[in-house]
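S.K.: In this note's numbering, the protein residues as written are 85 to 587.
#1: Quick check: the Cα distance between residue 304 and residue 413, rounded to an integer number of angstroms?
#2: Thinking C-beta only, is residue 339 closer than 8 Å to residue 317?
#3: Can you tell me which of the three DSSP states residue 250 falls into?
#4: Judging by CA-CA distance, which residue of 569, 348, 576, 165 is the nearest neighbour of residue 259?
#5: By Cβ distance below 7 Å, which residues in the same chain neighbour residue 626 in space, the five residues on each side in sequence not counted?
#6: Using a 10 Å radius around the Cβ and a threshold of 16 neighbouring Cβ atoms, would you call residue 511 buried or exposed?
#7: My assumption, with CB atoms under 8 Å, is that residue 243 sits in contact with residue 217. Please give the rounded CB distance.
#8: For residue 450, which of helix, strand or coil comes out of DSSP?
#9: Going by the beta-carbon positions, is the gap between residue 172 and residue 551 smaller than 8 Å?
#10: Assuming residue 189 contacts residue 227 under a Cβ cut-off of 8 Å, what Cβ separation, rounded to an integer in Å, is found between them?
#11: Fully enclosed by the segment 316-350, which beta strand (DSSP E) runs are 3 residues long or longer?
#12: Within the same chain, show all residues whose beta-carbon is closer than 8 Å to that of residue 458, passing over the 5 residues directly before and after it, in chain order.
#13: How far does the beta strand (DSSP E) with residue 480 in it reach, from first residue to last?
#14: Which residue from 299, 570, 326 puts its Cα closest to that of residue 425?
#15: Can you list, in chain order, the residues of its chain whose CB lies under 7 Å from that of residue 360, leaving out five sequence neighbours each side?
#16: Considering only C-alpha positions, which residue in the set 199, 229, 179 is nearest to residue 247?
#17: Threshold first: 3 residues or longer. Then list the beta strand (DSSP E) segments lying entirely within the segment 165-224, N to C.
#18: Report the option in 547, 488, 465, 521 whose CA atom is closest to the CA atom of residue 570.
#19: Using 8 Å as the Cβ pair cut-off and three pairs as the minimum, do the segment 286-302 and the segment 392-410 touch?
#20: Of the residues 467, 306, 452, which one's Cα is nearest the Cα of residue 400?
#21: Can you tell me the Cα-Cα spacing of residue 532 and residue 492, whole angstroms?
#22: By alpha-carbon positions, which one of 509, 583, 582 ends up nearest to residue 558?
#23: Nearest to residue 588 by alpha carbon, out of 462, 477, 555?
#24: Taking the alpha-carbon positions, what's the residue 385 to residue 291 distance?
#25: When the Cα of residue 530 is compared with those of 496, 579, 499, 543, which residue comes out closest?
#26: Enumerate in chain order the residues of its own chain whose CB-to-CB distance from residue 380 is below 6 Å, with the five nearest sequence positions on each side excluded.
#27: Which residues bound the alpha helix (DSSP H) around residue 588?
#28: Is it buried or exposed, residue 353, if we count other Cβ atoms within 10 angstroms and call 16 or more buried?
#29: Output needed for residue 575: all residues of its chain with C-beta closer than 6 Å, excluding positions within five of it in sequence on either side, in chain order.
#30: I believe residue 553 touches residue 502 by the beta-carbon criterion, under 8 Å. Please report the beta-carbon distance rounded to the nearest angstrom.
#31: Quick check: residue 514 and residue 494, are their CB atoms within less than 8 Å of each other?
#32: Closest by CA to residue 334, which one among 504, 402, 310?
#33: Is residue 238 helix, strand or coil when you go by DSSP?
#34: Leaving out five residues on either side along the sequence, give the residues of the same chain with a beta carbon under 7 Å from the beta carbon of residue 344.
#35: Closer than 7 Å by C-beta to residue 208: which residues in its own chain qualify, once you throw out the five before and the five after it? Chain order, please.
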């Protein structure tokens with residue numbers, strides 16, 4: 085399969101084959117390999133010719149010369165499956181700490197912390213307290229680098245003993261899709277034989293950049309910076325406008341775009357105050373575009389927004405100094421930038437008078453207000469909130485009876501897991517657990533995340549990274565006489581949302 089993609093990239097005319105054309109080559113083998121990997125190891129054995137060989141599944145099986153042709157073909161496709169899949173932690177018995185991909189919040193999904201010498205800790209289960217079903221914080225912090233220990237401790241664990249599941253990282257539902265496999269394979273081909281520019285990667289990156297919630301002038305700045313069209317001292321020197329290209333702030337290096345934004349001692353002082361900047365740490369970047377692409381691939385959307393705003397602020401600060409304009413000390417640049425970003429986001433979310441009038445005309449009042457449950461039942465509203473500044477999340481739960489009286493409420497702060505969906509799923513699990521602990525038997529569960537409600541209402545296996553949390557809710561619900569999972573718009577879930585925000 086890799087050879088097929090390689091041949092398609094030899095000429096500029098056929099450099100980017102369509103998904104439809106490549107599906108003929110990859111659909112059968114890669115999709116078959118994925119589904120074979122999903123079934124029990126014992127069910128995979130009939131595909132192997134040698135019945136008595138030691139066999140641990142398609143991803144670890146050796147290539148035996150006497151194996152069936154079908155099995156050899158499937159093994160030829162497993163490289164892609166290994167690159168695009170990630171383990172969802174259940175019991176941790178089947179996941180190798182240093183040999184498996186299981187970290188959800190890193191580009192490579194693998195542990196880079198060095199393995200301690202003579203350590204007996206080899207599997208993820210060794211990091212889990214089997215009594216409390218939680219991470220053993222003491223072992224994790226002593227074994228891993230600080231940023232990886234933080235990632236691991238934020239991975240939510242099941243309250244029940246669930247199996248580790250291999251899921252596909254290229255899709256939202258965790259199931260293999262030919263399109264995502266195609267893009268992964270094509271990107272590998274570009275890295276092995278790079279062309280003058282990786283158009284698909286650039287297009288995807290700029291689609292993300294254009295979608296971030298920052299002022300248009302900041303997006304325009306990023307575009308100019310990545311195309312080296314800013315009037316830096318290097319560019320002015322190249323055009324014979326000035327004689328000295330050296331940065332006036334540090335007086336040691338040529339003032340390029342990447343130097344102003346990232347490498348200068350002034351900018352480094354700012355970036356050292358940003359906790360997630362360590363994810364971008366590298367000895368050098370060839371230019372600003374390389375740094376920006378790494379940010380798109382590594383940072384979350386909120387982090388990317390802050391990166392864009394800080395980059396623009398550093399350029400603005402540089403210009404003010406150059407023109408001898410009043411400027412705040414560099415130590416105030418980061419907090420001031422955060423204030424500007426928050427003000428912009430709030431202004432964008434605030435409806436204009438015209439929008440308010442249109443909204444009032446189009447939406448009947450009370451259409452999404454909270455409605456009481458049926459008699460003899462209680463309604464449990466739950467919600468989650470994300471606190472980007474502290475990298476934490478909040479969970480809010482409120483239980484009311486058919487008269488609307490509050491029976492119980494809960495507000496709890498938790499470490500931010502890998503996604504907003506995981507926060508919502510954790511809130512739902514907390515709500516069910518609270519209902520069971522208080523002895524309620526007939527409940528209506530109501531939340532404003534349509535993805536979570538759909539997942540709870542479906543009987544199929546959930547392969548998302550938060551699927552084990554969905555399973556926990558379904559397992560716990562068996563202790564209830566009856567339970568309904570319902571979706572409500574945000575306006576009908578205001579109390580739970582407020583509790584989550586106050587956590």
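For each residue, glycine too, the CB sits at the ideal point set by N, CA and C.
M.R.: Straight from the coordinates:
#1: About 25 Å.
#2: In this structure, residue 339 lies closer than 8 Å to residue 317 by Cβ.
#3: Per DSSP, reduced to three states, the secondary structure at residue 250 is strand.
#4: Taking residue 259 as reference, the option from 569, 348, 576, 165 with the minimal CA-CA separation is 165.
#5: Past the boundaries of the shown model lies residue 626; the chain is included only from 85 to 587, so the question cannot be answered.
#6: Buried: at least 16 other Cβ atoms inside 10 Å.
#7: A Cβ-Cβ separation of about 5 Å places residue 243 in contact with residue 217 under the 8 Å criterion.
#8: Because residue 450 carries a pLDDT of 48, less than 50, the predicted location of this residue cannot be relied on, and the following value inherits that uncertainty. The DSSP-derived three-state label of residue 450 is coil.
#9: Yes. Within cutoff.
#10: Taking the Cβ atoms as the reference, residue 189 lies roughly 18 Å from residue 227, outside the contact range of under 8 Å.
#11: Correct list: empty.
#12: Closer than 8 Å at the Cβ level, and outside the excluded window around residue 458, lie 486, 528.
#13: Where residue 480 is concerned, the enclosing beta strand (DSSP E) stretches over 476-484.
#14: For residue 425, the closest alpha carbon among the candidates 299, 570, 326 is that of 299.
#15: Only 383, 387 meet the Cβ criterion.
#16: Closest by alpha carbon: 179.
#17: List check, beta strand (DSSP E) in window: 169-172.
#18: For residue 570, the closest alpha carbon among the candidates 547, 488, 465, 521 is that of 465.
#19: Taking a contact to require three or more Cβ pairs closer than 8 Å, the segment 286-302 and the segment 392-410 qualify as touching.
#20: Among 467, 306, 452, the Cα nearest to that of residue 400 is on 306.
#21: Straight-line Cα distance between these residues: approximately 19 Å.
#22: Of 509, 583, 582, the residue nearest in Cα terms is 509.
#23: Absent from the model: residue 588. The displayed extent of the chain is 85 to 587, so no value can be given.
#24: Cα-Cα distance, rounded: 12 Å.
#25: Ranked by Cα distance from residue 530, the first of 496, 579, 499, 543 is 579.
#26: Cβ within range, chain order: 289, 292.
#27: With the chain covering 85 to 587 only, the question about residue 588 has no answer from this structure.
#28: The residue is exposed, with fewer than 16 neighbouring Cβ atoms inside 10 Å.
#29: Counting only Cβ-Cβ distances below 6 Å, and skipping sequence neighbours, we find 452.
#30: Between residue 502 and residue 553 the Cβ distance is about 11 Å, and since that is not below 8 Å, they are no contact.
#31: In this structure, residue 494 lies closer than 8 Å to residue 514 by Cβ.
#32: Measuring from the Cα of residue 334, the nearest candidate turns out to be 402.
#33: DSSP places residue 238 in coil when its eight states are reduced to three.
#34: Taken in chain order, the residues that qualify are 316, 351, 398, 399, 402.
#35: 173, 176, 179, 181, 186.
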